[in-house]
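In the working numbering, the protein residues as written are -11 to 265.
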């Protein structure tokens, strides 16, 4: 009994510690975003400003290019998600339902690809974009992100497709459904949690990635929000920490909303393989 109580206390302390580690940067960013320039570097530092103000949010929205960068990021996320789903859903279905000579080694290859640093892949795509004359293109940047994320999403969806009983598909085929029809009518409705999880992972990566757009885009009008905020700090010769913090905090909100709306699907998808059978 005492051992169980100790375990609960230790676990609670660990959870609280992890919570603070993840939440404190967000809290500090918000705290910086509601300070005036004089309070940004005040000493001793304060967790909360003496005179909080939301004028920085008005400044960021009305007097900077950050809203334009937000729009670019939204376009980037939308195209990336569509491309990833177009590539990953048929690939995951094929790996889940068909056996061929190299199918047993494809999954390890998909996972190994995710271990390759994005900087290496981005340099390769940078060279190709220069050769093909499509550098500074949000569409090509979306294709680059889709190519990098599709292996992981394919593996994720395959794990989920594996849990769908073959009998459902066979019954649909007997009733005259084609493979494509079975995928559309049987798999996609049942795989909603997996697809929602794929959308979350792809959206968050495309929204928050810095390496790919930093290398693939150098047109200020096409910067996504991550590179745009960085470029804003480089372009100003004055203290803009409070404005940068405001933009950074605003940047977190869309990703947080997407996750909160779809979080119930994440657990279902990630535990699908564990409860199979």
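Don't be surprised by glycine CBs; every beta carbon is placed ideally from N, CA and C.
Could you pull out every unbroken alpha helix (DSSP H) segment of at least 4 residues lying fully inside the stretch 200 to 245, listed in chain order?
213 to 223
Excluding the five sequence neighbours on either side, which residues of its own chain have a C-beta within less than 7 Å of the C-beta of residue 18, listed in chain order?
Looking up residue 18 in the chain shown gives position 30. Once the five neighbours on either side are set aside, the close Cβ partners of residue 18 are 237.
Exposure label - residue 103; buried when at least 16 CB within 10 Å
Counting from one through the chain shown, the residue named residue 103 turns up at place 115. Exposed is the call here.
Residues near residue 95 by beta carbon distance below 8 Å, same chain, minus five either side
Within the chain shown, numbered from 1, the residue matching residue 95 stands at position 107. The residues are 83, 143 and 146.
Identify which residue in -3, 55, 141 and 116 has its Cα closest to the Cα of residue 129.
Taking the first residue of the chain shown as 1, we reach residue 129 at position 141. The shortest Cα separation from residue 129 among -3, 55, 141 and 116 belongs to 116.
Helix, strand or coil: how does DSSP classify residue 36 here?
One-based indexing of the chain shown puts residue 36 at position 48. Coil at residue 36, not helix or strand.
Which of the three DSSP states is assigned to residue 24 in this structure?
The residue labelled residue 24 in the question sits at position 36 within the chain shown. Of the three classes helix, strand and coil, the one that applies to residue 24 here is coil, per DSSP.
If we ignore side chains and look at the alpha-carbon of each, how far apart do residue 137 and residue 199 end up?
Counting from one through the chain shown, the residue named residue 137 turns up at place 149. Counting from one through the chain shown, the residue named residue 199 turns up at place 211. Distance between the alpha carbons of residue 137 and residue 199: 14 Å.
Buried or exposed for residue 164, going by 16 or more other Cβ atoms inside 10 Å?
Locating residue 164 in the chain shown gives position 176, counting from the first residue. By the neighbour-count rule (16 or more Cβ atoms within 10 Å), residue 164 is not buried but exposed.
Put residue 123 into one of helix, strand or coil per three-state DSSP.
Translated into the one-based positions of the chain shown, residue 123 becomes position 135. Coil.
Mind checking which residues open and close the alpha helix (DSSP H) that includes residue 62?
Mapped onto the chain shown, residue 62 falls at position 74. Element bounds for residue 62: 54 to 85.
Pair within 8 Å by beta-carbon distance, residue 27 and residue 13:
Walking along the chain shown from the start, residue 27 turns up at place 39. Walking along the chain shown from the start, residue 13 turns up at place 25. No.
If you reduce the DSSP assignment to three classes, tell me which class residue 131 lands in.
As a position in the chain shown, residue 131 is number 143, starting the count at 1. Correct three-state label for residue 131: helix.
Between which two residues does the alpha helix (DSSP H) harbouring residue 181 extend?
Numbered from 1 along the chain shown, position 193 holds the residue referred to as residue 181. 180 to 196 is the span of the alpha helix (DSSP H), which, as asked, contains residue 181.
Coarse secondary structure for residue 164, derived from DSSP in three states:
Residue 164 sits at position 176 when you count from the first residue of the chain shown. Three-state DSSP puts residue 164 in coil, outside helix and strand.
If you count every other CB in all the chains shown that lies within 10 Å of the CB of residue 212, and 16 or more means buried, which is it?
Working through the chain shown from its first residue, we reach residue 212 at position 224. Under this definition residue 212 is a buried residue.
May I ask which residues mark the beginning and end of the alpha helix (DSSP H) holding residue 49?
Translated into positions along the chain shown, residue 49 becomes position 61. 43 to 51 is the span of the alpha helix (DSSP H), which, as asked, contains residue 49.
Within a Cβ cutoff of 7 Å, which residues of the same chain sit near residue 202, ignoring the five residues on either side of it in sequence?
As a first step, residue 202 is located in the chain shown; it is residue number 214 there, counting from the start. Around residue 202: 215.
With 16 other CB atoms within 10 Å as the buried threshold, where does residue 66 fall?
Counted from its first residue, the chain shown places residue 66 at position 78. Exposed: under 16 other Cβ atoms inside 10 Å.
Check whether the Cβ atoms of residue 253 and residue 185 lie closer than 8 Å to each other.
The residue given as residue 253 occupies position 265 in the chain shown. The residue given as residue 185 occupies position 197 in the chain shown. A contact, by the Cβ cut-off of 8 Å.
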